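Visitor:
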Amino acid sequence: MLNVKSLSVAAGSFRLWDINLRIAEGECHAVLGPSGSGKSTLLNAVLGILPPREGSVRLNGTEITDQPIERRGLGYVPQRIGLFPHLTVLDNIAYSARARGLAADQFRPLMDKLLEATGIGDLLARYPDTLSGGERQRVALVRALTSRPRLVLLDEPFTSLNQSLRRELWWLVRELQQQQRLTVLLVTHDLTEAYFLADRISVLMAGRIQQTGDKTSVYRNPATREVARFLGVNNLWDGMVTGHDGDDLMIECPALRFTARVSGGKNPPAPGTRVTVGILAEHVALRDAAHPPKPGEHILMGNIRLLDFGPRWLIQFHHAASGLILELHINRRTADHFGLKGDQTGITVGLPESALFWMPAE
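Residues in the sequence shown are numbered from 0 upward in steps of one, following numbering that gives the first Met the number 0.
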């Protein structure tokens with residue numbers, strides 16, 4: 000569907016470098032990254048606002064790199080919505096379809112379905128400045144979809160809304176995407192939004208894509224420490240390769256030694272190579288007599304601090320012998336079972352070997 004190949008784009012002093020991105024038809028792909036990473040610059044290049052210095056953009060096999068915006072067949076919901084203040088809701092919605100030369104009988108049936116799905120049919124005679132933020136977002140979505148775009152671009156369109164309204168619109172977008180078989184490119188810095196809406200994700204840092212894959216594998220096996228930190232993985236520490244046996248890699252790090260796999264046909268790093276080792280907080284488990292260690296778990300004993308008493312508690316575990324510090328996430332029921340009330344000593348945790356991951360040291 001969308002194929003961005005070796006794309007380099009300059010925006011002032013900022014530059015995107017060697018961007019490669021493939022989005023299949025009917026897929027929602029999220030490009031994640033912090034502010035200033037180049038997310039909007041990437042969208043502007045796909046839209047045709049910024050001409051690339053190198054590389055190409057193809058849509059359904061057709062080269063669109065040098066095509067004007069109006070000929071690309073794209074739907075676009077910008078971060079600041081961009082409704083025309085002097086046009087009614089109906090005229091705003093119909094604008095993009097008419098700009099593409101579609102007759103009313105070509106876009107009106109779909110528009111009517113979208114109006115019903117989004118619940119804005121009663122707003123058609125009103126003007127944008129009389130609408131709430133959520134209503135404007137719905138109008139912008141319907142406007143972007145009414146022209147039957149080949150690809151829909153979403154540029155952090157829900158950033159300014161409160162959390163409950165954002166979640167309501169996430170459900171709406173996901174339902175519309177599935178019902179209409181939309182192909183969507185979403186850029187966002189919000190991890191929850193990306194993981195709720197997208198099938199696959201790319202992590203963009205400082206103008207370069209650091210990692211691309213299905214959302215579960217990227218989260219569970221980040222490619223770099225920088226990606227891991229951005230995805231909220233804080234259980235990271237230094238390790239060293241001590242040997243390998245085929246695709247089995249032996250790694251030693253504070254408090255434990257474990258065996259990992261070398262995937263993707265890569266050559267295993269040589270003994271003595273420094274690596275970064277990690278584990279997700281939700282994979283670290285509290286253990287006691289009622290919840291004994293499971294096969295394949297590494298067991299550590301140490302002290303804990305409770306850092307948060309919200310619905311999902313955060314525990315900081317200290318392994319005094321090695322200096323290793325880990326985070327755990329537990330619910331109130333688990334905290335009550337283990338009798339956790341504050342700082343405590345003599346706490347046991349289990350780290351499943353299968354949940355440990357590694358990456359090259361930076």
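We put the CB at the ideal spot given by N, CA and C, even for glycine. Nothing here was measured: the structure is a model prediction, and the numbers come from that model.
(1) Using 8 Å as the cut-off, can you tell me whether the region 130 to 142 makes contact with the region 73 to 83, which would need three or more C-beta pairs spanning the two stretches below that distance?
(2) Per DSSP, what are the beta-bridge partners of E296 in this structure?
(3) Between which residues of its own chain and C367 is the CB-CB distance below 6 Å, once the five residues before and five after are set aside?
(4) Could you check where the beta strand (DSSP E) with R332 kicks off and where it finishes?
(5) Indicate the three-state DSSP secondary structure (helix, strand or coil) for L122 in the structure shown.
(6) Can you grab the Cα-Cα spacing for the pair Y94 / A124, in whole Å?
(7) Please determine, among A44, L285, A23, the residue with the shortest C-alpha to C-alpha distance to W16.
(8) Tell me which residue opens and which closes the alpha helix (DSSP H) that G133 is part of.
(9) How is R260 classed by DSSP in three states: helix, strand or coil?
(10) With a CB to CB cut of under 6 Å and the five nearest residues on each side skipped, what residues in its chain are close to N302?
(11) Return the Cβ separation of V8 and P51 in integer angstroms, given the expectation that the two are a contact with Cβ distance under 8 Å.
(12) Distance check for V240 and W170, CA to CA, integer angstroms please.
(13) Identify which residue in P270, I208, S216, V276 has its Cα closest to the Cα of G238.
(14) Just how far apart, CA to CA, sit G206 and I63?
(15) Where V232 and I278 are concerned, what is the direct C-alpha to C-alpha distance, given to the nearest angstrom?
(16) Quick one: Cα of R21 to Cα of Y126, how far?
(17) Could you spell out where the beta strand (DSSP E) holding F13 opens and where it closes?
(18) For Q315 versus R331, is the C-beta spacing smaller than 9 Å?
(19) Would G338 and V283 be called neighbours here (beta carbons separated by less than 9 Å)?
(20) Roughly how many angstroms lie between the CA atoms of G322 and E251, to the nearest whole one?
Guide: On the basis of the coordinates in this document:
(1) The region 130 to 142 vs the region 73 to 83: in contact.
(2) In the sequence shown, residue 296 corresponds to position 297, counting from 1. E296 pairs with P351.
(3) Given a span of 0 to 361 for the chain in the structure shown, any question on residue 367 remains unanswerable.
(4) As a working mapping, residue 332 is identified with position 333 in the sequence shown. Where R332 is concerned, there is no enclosing beta strand (DSSP E), although the alpha helix (DSSP H) it sits in stretches over 331 to 336.
(5) Looking up residue 122 in the sequence shown gives position 123. Correct three-state label for L122: helix.
(6) Position 95 of the sequence shown, counted from the first residue, corresponds to residue 94. Position 125 of the sequence shown, counted from the first residue, corresponds to residue 124. For Y94 and A124, the distance between alpha carbons rounds to 15 Å.
(7) The residue you call residue 16 lines up with position 17 of the sequence shown. When each option's Cα is compared against that of W16, the closest is A44.
(8) The sequence position of residue 133 within the sequence shown is 134, counting from 1. Start and end: 132 to 145.
(9) Position 261 of the sequence shown, counted from the start, is the residue given in the question as residue 260. Look at R260 here: in three-state DSSP terms it is strand.
(10) As a first step, residue 302 is located in the sequence shown; it is residue number 303 there, counting from the start. Within the same chain, N302 has close Cβ partners H317, T344.
(11) Here the question's residue 8 lines up with position 9 in the sequence shown. Here the question's residue 51 lines up with position 52 in the sequence shown. Their Cβ separation, rounded to whole angstroms, is 5 Å, which keeps V8 and P51 in contact under 8 Å.
(12) Here residue 170 is taken as the residue at index 171 of the sequence shown, counted from 1. Here residue 240 is taken as the residue at index 241 of the sequence shown, counted from 1. Roughly 45 Å separates the two Cα atoms.
(13) The count along the sequence shown starts at 1 and reaches residue 238 at position 239. Of the listed residues, the one whose Cα sits closest to G238 is V276.
(14) Residue mapping note: residue 206 aligns to position 207 of the sequence shown, counting from 1. Residue mapping note: residue 63 aligns to position 64 of the sequence shown, counting from 1. Those two C-alpha atoms are separated by around 22 Å.
(15) Counted from its first residue, the sequence shown places residue 232 at position 233. Counted from its first residue, the sequence shown places residue 278 at position 279. When rounded, the distance between both Cα atoms is 8 Å.
(16) The sequence position of residue 21 within the sequence shown is 22, counting from 1. The sequence position of residue 126 within the sequence shown is 127, counting from 1. Roughly 38 Å separates the two Cα atoms.
(17) Along the sequence shown, read from residue 1 onward, the residue named residue 13 stands at position 14. Taken as a continuous stretch (DSSP letters only), the beta strand (DSSP E) holding F13 covers 13 to 22.
(18) Numbered from 1 along the sequence shown, position 316 holds the residue referred to as residue 315. Numbered from 1 along the sequence shown, position 332 holds the residue referred to as residue 331. In this structure, R331 does not lie closer than 9 Å to Q315 by Cβ.
(19) The residue labelled residue 338 in the question sits at position 339 within the sequence shown. The residue labelled residue 283 in the question sits at position 284 within the sequence shown. For the pair G338 and V283, the CB atoms are not nearer than the 9 Å cut-off.
(20) For this step, residue 322 is matched to residue 323 along the sequence shown. For this step, residue 251 is matched to residue 252 along the sequence shown. In a straight line, the C-alpha of G322 is about 15 Å away from that of E251.
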